[in-house]
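At position 243 of the sequence shown the residue is numbered 243 (the UniProt record's numbering), and the sequence of numbers has no breaks.
From the three backbone atoms N, C-alpha and C, an ideal C-beta is built for every residue, glycine too.
Before any comments, here is the structure.
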Amino acid sequence: MQSRTQVEVQAPRRSQTGQAYRLIDPANLNRADEMILWVYLQEQIQQGNLYVPRNTPLAFTETMCDALQRQGISEKFKMSLPQDICLTSSLIGRKCGSLPDDYHFDVYSGVVLGGLQSKNGCFGNIEKISGTLKLHPDRTITRHTGKAMIGKIIPKSEAAHIQKESDMSRRIFILHAKQPTFFQAAGANQGAIVMRYVAGEDMEKFFTRDAAERDSKRNTTTTEKRLKLSRAFLRALKTQVHDNHITHRDIKPANVMFIFDPVAKRYKVTIIDYGLSTDATFDDGERGRGTPLFGSPEFFDLQIITQKSDIFGAAWILALLWRADQNASKKMQEASDLAHHCVFKNLFKGIMDMGKRSGETGLAVSPAQAIKNLLSVMSSRRPDHRGSLDDAIQVFDDILLDRKIAAAGKTCTFEHKQSIIKSHHAAVALRNRLDAFAAEPQESFVASVGKLRQLFLEGLADLTDDKGIIEDALDCLDIDSLQGLDTREQIVQCINSMLDAYMEQFTIFAELYAQVKLLLGQQEDSHQPASSTDVPVDRTELQYLHAKMERQLAKNSGSMTLDRLAENTFVLQKRNACWQHALERYKPVSQAERVSLSEEKDDPDAEYITVFGKAWGGCHRIRLFKDYTASMRLPGSFAESSQLETSSSVKLKKNINTVIKAWIFNTENDKKGTSEKSGKGIEAGFLFLFQKNISLWYYAQVLPRI
């Protein structure tokens with residue numbers, strides 16, 4: 001990857017018409033390309049254009065060139081101003097906060113993961129996002145490549161439909177869906193929804209492979225795995241969709257993603273594609289929405305589609321998972337007849353260990369018969385006869401428990417078997433209570449931490465402290481954060497530690513949030529917006545911090561689970577550190593501190609130094625950060641004159657601090673930088689250094705005037 005401190009002077013490329021243009025790779029920007037792209041994107045934002053196509057020459061206007069000229073790009077990089085530019089990847093912007101110019105641009109890689117182009121979806125294409133560009137007021141761009149994200153580009157669709165899909169998707173916490181962007185491309189109105197990439201395989205591919213194995217009399221997916229996958233699928237439909245008051249209306253194998261964790265020996269299932277979904281609490285008047293092969297009778301009868309219709313589609317997925325014949329309907333009438341008189345043929349073909357039960361758990365019939373009975377109920381012609389997802393999940397809970405007792409055999413004592421049964425029922429009861437708690441949105445996670453803690457402590461009290469029993473209980477609870485623990489004490493300690501960590505980080509966040517609001521109140525009357533045409537709409541650092549914190553505060557409410565708290569804690573910990581870092585510059589400095597800091601300026605290990613100079617408008621202190629690595633490169637003559645030692649991080653940090661001081665103070669004879677000439681040099685040099693950030697760590701930071 002090219003260093004941001006080194007700029008390649010590109011030879012101009014030419015389009016088919018002979019027009020020269022500059023080729024820019026948004027995923028690998030050097031400093032010159034960064035400045036050019038920043039100016040171009042700001043112009044697009046002002047014009048309301050949030051779509052920038054790939055491999056298309058884009059006009060670089062005279063206004064943009066003037067903005068670059070004022071920034072001195074020609075002198076800095078010894079290059080001519082571009083006439084046109086061309087991007088190697090498409091960019092689609094999206095509004096990210098309450099401030100008028102707070103936009104991010106997602107970099108679309110061109111890799112299509114699903115949708116129309118791959119013939120497994122009917123509403124747009126799913127494209128991989130290789131990073132997100134964030135534009136800063138200081139004319140810099142940072143590229144974020146954290147969690148893998150995808151963009152769903154929806155062509156020729158009404159804005160209301162795209163907004164509705166986004167609203168439904170945003171209810172599903174694990175998808176992390178964003179607000180949609182609307183734009184024009186190829187002369188048509190389009191929309192894009194960004195969300196987190198879901199790893200794994202969809203069930204449509206699995207069923208195709210499993211059907212081939214069935215025909216060749218092979219079975220690589222064990223009965224235990226099929227039972228756990230069945231339960232995981234039903235729980236995903238319940239907790240992700242129905243508990244969030246959503247009717248999916250298109251439950252089919254292609255919309256069910258799953259992945260197996262070989263360590264925890266459990267499946268993680270995610271329901272995707274909410275393009276046809278609606279709020280379950282009211283009738284939107286739409287009829288016949290879904291896929292005919294998995295449609296319920298009310299789908300064909302043009303009646304209202306409800307969550308009971310989702311259960312009918314789930315019955316088909318379970319039947320295929322247990323090797324029933326595929327729906328071979330070629331015409332709508334055939335599919336309608338099968339939906340009204342649903343029969344799953346050839347269940348359990350090639351699955352040989354489903355006929356026996358232990359007789360010790362209360363399972364009234366064989367596992368195979370229990371599943372047949374369940375499928376008959378779930379595919380009932382009348383929606384009100386299809387039972388609930390809780391009932392369906394309970395069937396697979398009971399079968400898994402029965403197999404556990406049967407596997408224990410005669411060598412296991414009666415008392416130990418009773419402990420297994422008791423602990424299993426306790427885990428199921430705790431899981432149901434946690435599900436009910438998560439289904440009721442909490443106004444404040446902080447206020448509800450005590451309730452969640454109490455639920456766990458009461459539910460865990462009936463678990464037998466045995467490694468095997470604990471493993472089965474954790475599998476039943478389906479909580480990622482607790483997997484791998486061996487004892488009840490470890491579980492309790494882990495839960496208390498996670499809840500306490502969240503409270504600690506939120507307390508820090510609340511203090512920082514209050515500090516920002518106070519500072520904003522103090523600056524409200526004195527702040528004046530910038531008037532330069534090439535500077536974005538006014539946004540001070542404090543306003544930006546406040547907007548970010550407002551978005552973070554909104555994440556302290558909604559569906560509350562232990563896994564969600566764990567992710568929130570992780571995010572808060574990172575962001576609190578950044579916000580504390582940013583707010584250091586607003587920390588007041590006393591006269592005694594000023595004198596002390598000034599006296600420390602010759603100490604190479606000092607964390608702060610004091611800078612005097614006319615161009616600085618008075619006395620400022622500089623914070624020197626310790627986060628240096630040997631791989632960092634320093635700009636231009638600074639690096640050449642430093643003669644840094646890189647044999648150890650301690651020496652490197654010491655030398656960098658020393659060189660920064662010498663460089664800022666400019667000369668041995670003018671260490672205070674009091675001359676006008678020196679002051680200007682300090683300002684220009686330091687601001688250049690300040691903008692040349694690497695991985696968001698700065699070499700130094702200007703703090704408030706003293």
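Here the region 467-487 lies against the region 414-430, with 3 or more beta-carbon pairs under 8 angstroms apart. A residue is called buried when at least 16 other Cβ atoms come within 10 angstroms of its Cβ; Asn55 does not meet this threshold and is exposed.
Nearest in C-alpha terms to Phe344, of all of Ala392, Ala324, Thr281, Gly362, is Ala324. With a cutoff of 8 angstroms on beta-carbon distance, Val198 and Gly151 are scored as not near each other. Every alpha helix (DSSP H) stretch that sits fully inside the region 113-175 and reaches 4 residues is listed by chain position as 159-170.
Membership of Leu562 in the alpha helix (DSSP H) is indicated by the continuous run 562-583.
Ala192 carries a strand assignment under DSSP once its states are collapsed to helix, strand and coil. With respect to Leu229, Ala315 sits apart: the two C-beta atoms are not nearer than 8 angstroms. Where Asp472 is concerned, there is no enclosing beta strand (DSSP E), although the alpha helix (DSSP H) around it starts and stops at 467-477. The criterion of a C-beta distance shorter than 8 angstroms is satisfied by Glu360 and Lys417. Here the alpha carbons of Ser130 and Asp106 stand approximately 8 angstroms from one another.
With contacts defined by Cβ atoms closer than 8 angstroms, Arg143 and Leu135 do not form a contacting pair. Under DSSP, Lys268 takes part in a beta bridge, and its partners are Ile259. For Leu512, the CB contacts under 8 angstroms within the same chain, skipping 5 residues up- and downstream, are Met549, Asn576, Trp579, Gln580, Leu583 in chain order. Where Thr181 is concerned, the enclosing beta strand (DSSP E) starts and stops at 181-185. Taking 8 angstroms as the cut-off, the Cβ atoms of Leu542 and Leu520 count as close. Our two residues, Ile162 and Gln442, have alpha carbons roughly 27 angstroms apart in a direct line. Its chain contains Lys228, Ala232, Phe260, Asp475, Asp478, Gln483 as the residues whose beta carbon lies nearer than 8 angstroms to that of Arg266, once the 5 sequence neighbours on both sides are disregarded; these appear in chain order. With respect to Gly295, Ala328 sits apart: the two C-beta atoms are not nearer than 8 angstroms. Residue state for Cys65 is assigned as helix, using DSSP reduced to three classes. Counting the other Cβ atoms within 10 Å of the Cβ of Pro26 gives 16 or more, which makes it buried. Ranked by Cα distance from Val449, the options Ser481, Glu567, Met503 are led by Met503. A contact between stretches requires three or more CB pairs, one per stretch, nearer than 8 angstroms, and the region 174-189 fails this requirement with the region 278-294. Taken through DSSP and simplified to helix, strand or coil, Asp215 comes out as helix. Excluding sequence positions up to five before and after Val428, its CB lies within less than 8 angstroms of the CB of Gln394, Asp397, Cys476, all in the same chain and listed in chain order.
Here Tyr586 is not bridged, per DSSP, to any residue.
DSSP, reduced to helix, strand and coil, places Gln442 within a strand of the structure shown. Shown here, Gly521 sits in a helix according to DSSP, grouped into three states. Lys95 carries a strand assignment under DSSP once its states are collapsed to helix, strand and coil. The C-beta distance from Arg381 to Pro297 rounds to 5 angstroms, short enough to fall under 8 angstroms. By the CB criterion at 8 angstroms, Leu68 and Ile85 fall outside the cutoff.
Rounded to whole angstroms, Met257 and Ile251 show a C-alpha spacing of 12 angstroms.
Here the alpha carbons of Asn432 and Ile174 stand approximately 20 angstroms from one another. Residue pairing by DSSP places Ser90 opposite Tyr108 in a beta bridge. Within 10 angstroms of the beta-carbon of Gly124 lie 16 or more other beta-carbons, which makes it buried.
As the crow flies, the alpha-carbon of Ala212 is around 46 angstroms from that of Leu455.
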